[in-house]
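K.L.:
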Amino acid sequence: MNVDKRIQAYLDTLEEWFHGLYHGMIEHPSFEKIEKEAEDTADVFMFACFADAFGIPSPVSYYTAELLPYLTDEFVQWERRMWDRQSYIERKGQQYHF
1 MNVDKRIQAY
11 LDTLEEWFHG
21 LYHGMIEHPS
31 FEKIEKEAED
41 TADVFMFACF
51 ADAFGIPSPV
61 SYYTAELLPY
71 LTDEFVQWER
81 RMWDRQSYIE
91 RKGQQYHF
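Here you go:
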């Protein structure tokens, strides 16, 4: 095998690998589902920690108050997102096409 063929084979392999990486990380439709699922998981965690923000008494609020300085930036965005959000069932139904 001469050098030209080896370089071309290497470039073809590299192009195929980068296309697969791009397709898997950005282009594939499941990327959006994974992103929404991660956002839902983060929202559930924030809700478990700060349910008092919505008037639901929570016995763990005393302990999770220590997390507030670390989650301040996320808390404001999360609270706005929760007030403007559709119901949880509608969001999951939209995600899974029910």
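Numbering follows UniProt numbering, in which position 23 of the sequence shown is assigned residue number 23; successive positions increment by one, without gaps.
We put the beta carbon where it would ideally sit given N, CA and C, even for glycine.
Using the three-state DSSP reduction, which class does G20 fall into: helix, strand or coil?
P.N.:
Three-state result, G20: helix.
K.L.:
Hey, how far is the Cα of E74 from the Cα of G20?
P.N.:
Answer to the nearest angstrom: the Cα atoms are 33 Å apart.
K.L.:
Could you check the C-alpha separation between E15 and R6 for me, to the nearest Å?
P.N.:
Distance between the alpha carbons of E15 and R6 is about 14 Å.
K.L.:
Would you report the Cα separation of A42 and Q77, rounded to the nearest angstrom?
P.N.:
The alpha-carbon atoms of A42 and Q77 are separated by roughly 12 Å.
K.L.:
Under the rule that 16 or more other beta-carbon atoms within 10 Å means buried, what is F50, buried or exposed?
P.N.:
So F50 counts as buried.
K.L.:
Can you tell me the Cα-Cα spacing of Q8 and F18, whole angstroms?
P.N.:
If I take the Cα positions, the gap works out to 15 Å.
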